[in-house]
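Residue numbers for the sequence shown follow UniProt numbering, so the first one is 1 and each next one is one higher. Ideal placement from N, C-alpha and C gives every residue a C-beta, glycine not left out. This report refers to the structure that appears directly beneath it.
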Amino acid sequence: MSRWGAQRPQVSMSPRSFDAAAEIAGAAARPIATQGRSYTGPDQAGMKTTRAGLYDTSEPNRDLMMAKDTETEGAPRRHSGRYIYEELRKQILTLKLKPGVQLDEVSLAAQFGLSRSPVRDALARLITEGLVVILPNRTTLVTPFEIEEFPNYISALDLIQRAVTRLAATQHREEDLAAIRQADAAYLKAVTSGDFQAMSELNKAFHMAIAHAGRNPYFINYYERLLGEGQRLLHLHFDHVVSSASAHRLGRDHDEIIEAIAARDADAAEAAAHEHTMLFQRRFLDYMQQNLTARMSIA
């Protein structure tokens, strides 16, 4: 039982459900091959899935090369290591760089017109954020979606989100509350404009403003990493969230959290943070379920 008297919902998926969810998650962008079965999507590059997660089997950096080809011809060449980091991060979060795709340091340096040193620095920063991983053989990959780990992710997010929001209610200063409200206003503007990338970044900024108001650097660092991992899951089902029956509530998701923090009501803040996590869970699983049902044949 939770501290506010309601049974905390649990995520329950069978191994078969995980395989199905993994198939769905990749199908919108690429064909998937699972246990010898092939599914065709609009893109012709390959992706395979296992119970451990989604893995892109296309050539290294293919997606990045395609994205760069779409830049305006004659645009100024970027020579900033920070630009490499920001560009790679954006493409990972928006799934333009698919989970599991290989990132080759030499190829990236050539594509950006830089030495390997700033590329290496950018990849190192992405590794600390959990968006890139290095395998034992030194291969660098975009971190795969670990579908089986979704219940664990939700549990961790719920725990840390409740903690930082509760702390914000008791520890915030007036300038912190102003920053939280300003971040929410920016998020609402992005919701109105339908800018998915901005919505993702500003939603994270809102929650990080709450974390900073709690003044615990350990929570801040861990929470930021969790939110970063969640951005890819959020981007995966943004279309569903915005078009669903609950879309009218999307812009008001943060109201109860802000009100509880402003009132310095720690219990209410924690409860609102928990409900916010459960809302994210329900929307994601609803997206998975609807897509799974749509793929079933009744013939």
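Contact check, residue i vs residue j, beta carbons under 8 Å
i, j, result
"Leu95", "Leu88", "no"
"Ala263", "Thr165", "no"
"Asp158", "Thr277", "yes"
"Gln182", "Ala273", "no"
"Leu123", "Glu105", "yes"
"Ala271", "Leu226", "no"
"Glu129", "Gly228", "yes"
Collapsed DSSP secondary structure at residue i in the structure displayed
i, result
"Phe119", "First, the amino acid is wrong: residue 119 is Val here, not Phe. Of the three classes helix, strand and coil, the one that applies to Val119 here is helix, per DSSP."
"Val101", "coil"
"Thr140", "strand"
Spatial neighbours of residue i in its chain, beta-carbon cut-off 7 Å, leaving aside the 5 residues before and after
i, result
"Asp265", "Ala169"
"Leu93", "Ser200, Gln231, Arg232, His235"
"His172", "Ala213, Ile261"
"Val191", "Met199, Leu250, Gly251"
Buried versus exposed, by CB contacts within 10 Å (16 or more), residue i
i, result
"Ser117", "exposed"
"Gly100", "buried"
"Ala209", "buried"
"Asn221", "exposed"
"Gln283", "It should be noted that the sequence gives Arg, not Gln, for residue 283. Arg283 should be labelled buried."
"Leu167", "buried"
"Asn203", "buried"
"Leu135", "exposed"
"Ala211", "buried"
Residues near residue i in its chain [Cβ-Cβ closer than 6 Å; skip 5 each side]
i, result
"Arg138", "none"
"Phe133", "In the sequence as displayed, the identity of residue 133 is Val instead of Phe. Leu141, Thr143."
"Val241", "Arg283"
Other residues of its chain near residue i: CB distance less than 8 Å, five sequence neighbours each side excluded
i, result
"Leu188", "Gly251"
"Leu279", "Asp253"
"Leu126", "Tyr85, Leu88, Arg89, Ile92, Val132"
Check your understanding: Which ranges would you report for the beta strand (DSSP E) in the segment 178 to 222 if only whole runs of at least 3 residues count?
Key -> none
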